[in-house]
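Chains as they are written, first to last, in the numbering used here: chain A, 48 to 407; chain W, 48 to 407. Even glycine gets a Cβ: it sits at the ideal position worked out from N, Cα and C. Accompanying notes for the structure given below.
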């Protein structure tokens with residue numbers, strides 16, 4: 048790496064190796080997400096983990112694009128995936144700029160990483176939480192294709208970097224439920240880290256997967272002396288919130304209509320939230336969420352539809368000094384908070400079974 | 048308001064009045080930023096402040112558009128401004144969706160707001176920090192137009208809401224310097240609130256107006272036992288940083304090239320920052336800033352060029368759990384932190400004089 052890039056210190060070279068910079072081929076010396084092409088050599092380097100891949104869970108935007116371009120033909124989708132991986136050394140869809148995640152078993156760990164004690168043991172079955180858009184992948188065969196859910200069973204080898212997040216697959220939770228939970232695991236974990244006993248918490252758009260897991264963690268953290276209020280635009284989602292028995296109030300209201308939403312939520316909450324978590328999957332609810340939060344409170348934005356400027360300029364124009372936090376999905380608990388919610392609440396688990404494994 | 052909107056509680060009606068909802072004419076019942084047209088009646092309502100306006104400082108994007116559309120003709124720019132204000136009841140440029148700020152003197156304060164003790168006194172000369180895109184304005188005459196700086200001297204009346212931020216104009220600091228400082232005053236104030244004595248602080252893109260003010264506040268907060276490091280892509284900006292004598296190191300490096308920037312900054316900083324403030328006015332430096340911050344540290348993004356998803360997904364892919372904060376420009380200190388920096392540092396003030404009042 049020192050030869051390819053003129054670096055000032057060996058400490059920097061070590062950091063770059065942990066992030067996968069040596070895998071970038073086009074251009075050399077790039078971060079792997081930004082690189083067009085990665086080195087797909089299945090042998091792990093010093094700071095890498097080699098994975099025998101079982102299944103690719105393709106990002107929904109990417110899979111929809113691939114399926115439509117292939118007119119719904121499974122073999123053509125498989126060929127398109129193989130072509131991307133052969134060209135780029137990763138399943139990084141150039142049209143949607145997105146990837147997905149994978150499930151597989153650890154085959155080998157590089158010596159430096161193994162010595163650090165931070166790597167998963169060979170043989171462990173894991174899900175990767177880093178995007179496939181930065182994961183070196185060599186695809187040997189496509190075994191089976193689930194055109195509905197974007198799941199592709201494969202024979203393949205992937206490389207994780209020392210910096211790449213991953214989670215051990217649990218054996219007591221159905222796999223589709225565990226993967227759905229891992230996909231949003233940062234939300235309950237990060238939201239929980241902001242909460243204190245007695246807080247009033249508002250989950251805006253809180254009836255989805257991330258919202259329900261966050262609801263459980265919020266209830267644990269604020270206790271019975273706190274209050275947890277959920278709003279969601281969907282009647283069905285609110286019925287699921289009610290079924291968990293975890294919320295003090297669940298309000299069916301559309302957060303993209305900020306003043307009607309404010310009116311409905313304030314009637315249920317009786318005052319401003321100490322902490323609000325925005326989980327609305329469309330834009331336009333940033334200022335409405337801020338206005339429902341105490342001026343000295345905190346708003347955590349956990350939707351990729353969030354507009355940085357709508358939040359920052361909205362708060363400024365309304366004279367609201369609240370702390371506004373970007374929902375960084377990486378937390379060091381490797382999904383443990385999300386799995387605990389599913390283990391502790393039978394009612395929550397039942398909602399997830401209906402949503403993800405088709406149970407009635 | 049209760050008649051126009053079927054509200055659940057009078058508390059909600061009071062909140063809406065403080066935000067200016069009763070001023071929305073098209074559509075009725077909207078937040079004033081979102082409304083197409085506002086009521087420009089110069090008489091203040093219960094929760095309003097009436098201002099005799101001296102000067103409009105038009106947002107630079109808006110003014111550039113107006114000037115180009117008028118082929119640089121001052122009278123046509125004035126006519127275009129008058130037409131927007133007549134149609135919308137506010138100087139909300141429909142092409143750029145932006146406004147600006149104004150300077151004027153408080154003429155009258157509504158009874159409810161006056162009784163709350165939170166309003167400026169009649170006669171006080173203030174700058175509004177809420178955007179002109181949400182400020183009711185009646186324009187009587189354009190007196191003079193500064194085509195270079197987007198400043199328009201006017202006879203006009205404006206309305207501030209109880210929620211609208213404002214700052215008292217100082218009499219010991221040149222007006223262009225005070226206005227430039229107010230425009231970014233949230234940066235030093237909010238960054239300062241995150242810092243402790245002994246911290247290592249990195250200001251990425253820190254040679255601009257916001258960066259220099261934040262540099263002074265960071266130095267105050269971390270003390271001599273802490274460290275403040277500034278990077279900027281501009282040699283001239285780095286020379287200004289050096290001239291203040293406030294930074295432990297100033298590095299000329301381009302944060303949009305994340306790995307070269309990392310290498311250069313780490314050589315100067317010797318380790319990761321506890322707190323990093325990103326002030327880069329173009330996109331693409333989000334992940335690079337996160338990688339220079341401790342995993343349990345904090346990154347404050349204070350540029351409107353920040354991409355929410357580049358920050359959130361970048362941190363997730365790199366396995367970095369740092370707290371990522373949206374730079375909410377509103378702080379309750381009404382610009383006092385920014386003005387203190389200009390008062391306490393003669394060297395800083397000299398840089399601002401060169402930049403904003405043309406002193407050599």
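Listed along chain W, the residues sitting closer than 9 angstroms to residue 367(A) by beta-carbon distance are 210, 375, 377.
If you look at residue 356(A), you'll find it in the alpha helix (DSSP H) that goes 355-364.
DSSP places residue 128(W) within a helical segment (H, G or I) once states are collapsed to three. Listed in chain order, the positions of the stretch 242-274 of chain A with a beta carbon within less than 7 angstroms of a beta carbon of chain W would be empty, since no residue qualifies. Taking C-beta separations shorter than 8 angstroms and ignoring five residues to either side along the sequence, the partners of residue 165(W) in its chain run 209, following chain order. When DSSP states are grouped into helix, strand and coil, residue 342(W) belongs to the strand group. In this structure the stretch 168-182 of chain A touches the stretch 204-219 of chain A; the number of beta carbon pairs closer than 8 angstroms is three or more.
Looking at the DSSP output, residue 59(A) shares a beta bridge with no other residue. Look at the stretch 297-329 of chain A: the residues with a C-beta under 8 angstroms from a C-beta of chain W are 305, 306, 309, 310, 311, 313, 314. About 6 angstroms separates the beta carbon of residue 355(A) from that of residue 373(W), a gap short enough to meet the 8 angstroms contact definition. Between residue 66(W) and chain A, the shortest Cβ-Cβ separation is below 9 angstroms. The stretch 120-139 of chain W and the stretch 236-245 of chain W do not touch, with fewer than three beta-carbon pairs separated by less than 8 angstroms. For residue 180(W), at least one C-beta of chain A is nearer than 9 angstroms to its own C-beta.
Nearest to residue 406(W) by alpha-carbon distance, out of 200(W), 146(W), 160(W), 223(W), is 223(W). Within chain W, the residues placing a beta-carbon under 9 angstroms from that of residue 80(A) are 334, 360, 361, 364, 365, ordered along the chain. Of all residues in the stretch 85-105 of chain A, none has a C-beta nearer than 7 angstroms to a C-beta of chain W. For residue 155(W), the enclosing beta strand (DSSP E) has its first and last residue at 147-156. Chain-ordered listing is empty here: chain A has no CB closer than 7 angstroms to the CB of residue 226(W), the nearest sitting near 16 angstroms. Bridge pairing for residue 72(A): 75(A) [DSSP]. Only those residues of the stretch 111-132 of chain A whose C-beta falls short of 8 angstroms from the nearest C-beta of chain W would be listed, and there are none. Taking 4 residues as the shortest admissible run, the stretch 142-221 of chain W contains the following complete alpha helix (DSSP H) segments, listed from N- to C-terminal end: 158-163. Between the stretch 183-202 of chain W and the stretch 100-115 of chain W there are three or more C-beta pairs closer than 8 angstroms, enough to call the two in contact. Burial check for residue 69(W): the Cβ neighbour count within 10 Å reaches 16 or more, so the residue is buried.
DSSP places residue 383(A) in the uninterrupted alpha helix (DSSP H) bounded by 383-391. Nearest to residue 379(W) by C-alpha distance, out of 369(A), 375(A), 379(A), is 369(A).
Only residues of its own chain outside the window of five on either side were considered, and among them 290, 291, 292 have a CB closer than 7 angstroms to the CB of residue 394(W), listed in chain order.
When the five nearest sequence neighbours on each side are left out, the beta carbons in the same chain lying within less than 6 angstroms of the beta carbon of residue 268(A) are those of 239, 242, in order along the chain.
In terms of beta-carbon proximity, residue 356(A) lines the interface with chain W, with at least one pair separated by less than 9 angstroms. Contact with chain A is found for residue 76(W), since one of that chain's Cβ atoms lies less than 9 angstroms from the residue's Cβ.
Taking a Cβ-Cβ cut-off of 9 angstroms, the neighbours of residue 372(A) in chain W comprise 370, 371, 372, 373, given in sequence order.
Interface annotation, residue 389(A): not in contact with chain W, CB-CB separation never under 9 angstroms. As the crow flies, the alpha-carbon of residue 220(A) is around 15 angstroms from that of residue 256(A). In the three-state reduction of the DSSP assignment, residue 334(W) falls in the helix class. From the beta-carbon of residue 353(W), the residues of chain A found nearer than 7 angstroms are 355.
Judged by DSSP secondary structure, residue 369(W) falls outside any alpha helix (DSSP H); it is assigned neither H nor E. Between residue 63(W) and chain A, the shortest Cβ-Cβ separation is below 9 angstroms.
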